[in-house]
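A.B. asks: Got a structure for you, questions after.
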């Protein structure tokens with residue numbers, strides 16, 4: 558018992574940091590779950606609006622709003638919407654993985670609309686269109702049905718807010734020994750600019766286009 562009492566002052570800092578690490582990873586898990594759901598909202602918005610990156614970003618901001626909602630009043634909701642839009646513009650990057658430029662070039666058609674002609678990947682009557690595969694670069698082959706699958710990837714820089722734990726994680730992810738990914742490097746640069754610590758989280762979403770894809 559005496560040995561434990563003597564060791565307790567030395568163990569307390571370790572126990573405290575461990576508890577803070579658990580709390581921080583709880584926040585990270587919650588953020589990742591929110592990001593996954595928000596990414597699906599974002600890709601759905603893109604599928605309904607011709608793959609518009611603006612609409613995709615709006616969908617992402619709407620989906621990330623729970624991270625910034627801390628009350629039930631209308632003013633709290635409005636504040637959460639504003640904070641989410643700002644954070645989405647600063648802390649996220651959206652990449653459209655499919656269809657890319659090569660796929661668009663292969664499958665685009667010139668469609669006539671009342672206000673003029675628009676190049677787009679056709680979305681109607683897919684079951685009757687030519688299913689032949691076409692080369693879209695990088696040893697990839699797609700058909701028109703594949704080109705109508707909207708796939709996006711979202712990188713989110715999650716701010717670390719738990720004292721001590723944020724310092725420990727920041728020291729790890731900014732170390733050259735850690736070999737950070739390009740996404741983490743981008744988040745590290747954001748942290749250097751703001752003085753905060755960020756951890757890169759990524760999520761992908763896939764959905765069939767409900768409107769013709771445009772660029």
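Residue numbers (the numbering used here): 558 to 772.
In this text, a Cβ means the ideal position worked out from N, Cα and C, and glycines have one as well.
Does DSSP classify residue 718 as helix, strand or coil?
C.D. replies: As a first step, residue 718 must be located in the chain shown, where it is residue number 161. Three-state DSSP puts residue 718 in coil, outside helix and strand.
A.B. asks: Is the beta carbon of residue 613 closer than 8 Å to that of residue 709?
C.D. replies: As a first step, residue 709 must be located in the chain shown, where it is residue number 152. As a first step, residue 613 must be located in the chain shown, where it is residue number 56. Taking 8 Å as the Cβ cut-off, residue 709 and residue 613 qualify as a contacting pair.
A.B. asks: Thinking residue 726 and residue 581 are a contact (beta carbons under 8 Å), I'd like their distance in whole angstroms, please.
C.D. replies: Position 169 of the chain shown, counted from the start, is the residue given in the question as residue 726. Position 24 of the chain shown, counted from the start, is the residue given in the question as residue 581. At roughly 7 Å, the Cβ-Cβ gap stays under 8 Å, so residue 726 and residue 581 are in contact.
A.B. asks: Identify whether residue 693 lies in helix, strand or coil by the three-state DSSP scheme.
C.D. replies: Indexing the chain shown from 1 puts residue 693 at position 136. DSSP places residue 693 in coil when its eight states are reduced to three.
A.B. asks: Opposite residue 760 in the DSSP bridges: which residues?
C.D. replies: Counting from one through the chain shown, the residue named residue 760 turns up at place 203. Answer is 711.
A.B. asks: Please report how far the alpha carbon of residue 620 lies from the alpha carbon of residue 634, in whole angstroms.
C.D. replies: Taking the first residue of the chain shown as 1, we reach residue 620 at position 63. Taking the first residue of the chain shown as 1, we reach residue 634 at position 77. For residue 620 and residue 634, the distance between alpha carbons rounds to 13 Å.
A.B. asks: Helix, strand or coil for residue 672, going by three-state DSSP, please let me know.
C.D. replies: Your numbering for residue 672 matches position 115 in the chain shown. Three-state DSSP puts residue 672 in coil, outside helix and strand.
A.B. asks: How about residue 599 and residue 616: are their beta carbons less than 8 Å apart?
C.D. replies: Position 42 of the chain shown, counted from the start, is the residue given in the question as residue 599. Position 59 of the chain shown, counted from the start, is the residue given in the question as residue 616. Cβ atoms of residue 599 and residue 616: closer than 8 Å.
A.B. asks: If contacts are defined as beta-carbon pairs under 8 Å, then residue 604 and residue 766 qualify, I think. What distance do you get, rounded to the angstrom?
C.D. replies: For this step, residue 604 is matched to residue 47 along the chain shown. For this step, residue 766 is matched to residue 209 along the chain shown. Sure, about 5 Å apart at Cβ, within 8 Å.
A.B. asks: For residue 678 and residue 664, which I take to be in contact (beta-carbon distance under 8 Å), what is that distance rounded to the nearest angstrom?
C.D. replies: For the purposes of this step, residue 678 is taken as residue 121 along the chain shown, with counting starting at 1. For the purposes of this step, residue 664 is taken as residue 107 along the chain shown, with counting starting at 1. Going by Cβ atoms, the distance from residue 678 to residue 664 rounds to 5 Å, so yes, they are a contact pair.
A.B. asks: Could you compute how far the alpha carbon of residue 716 sits from the alpha carbon of residue 578?
C.D. replies: Counted from its first residue, the chain shown places residue 716 at position 159. Counted from its first residue, the chain shown places residue 578 at position 21. Straight-line Cα distance between these residues: approximately 14 Å.
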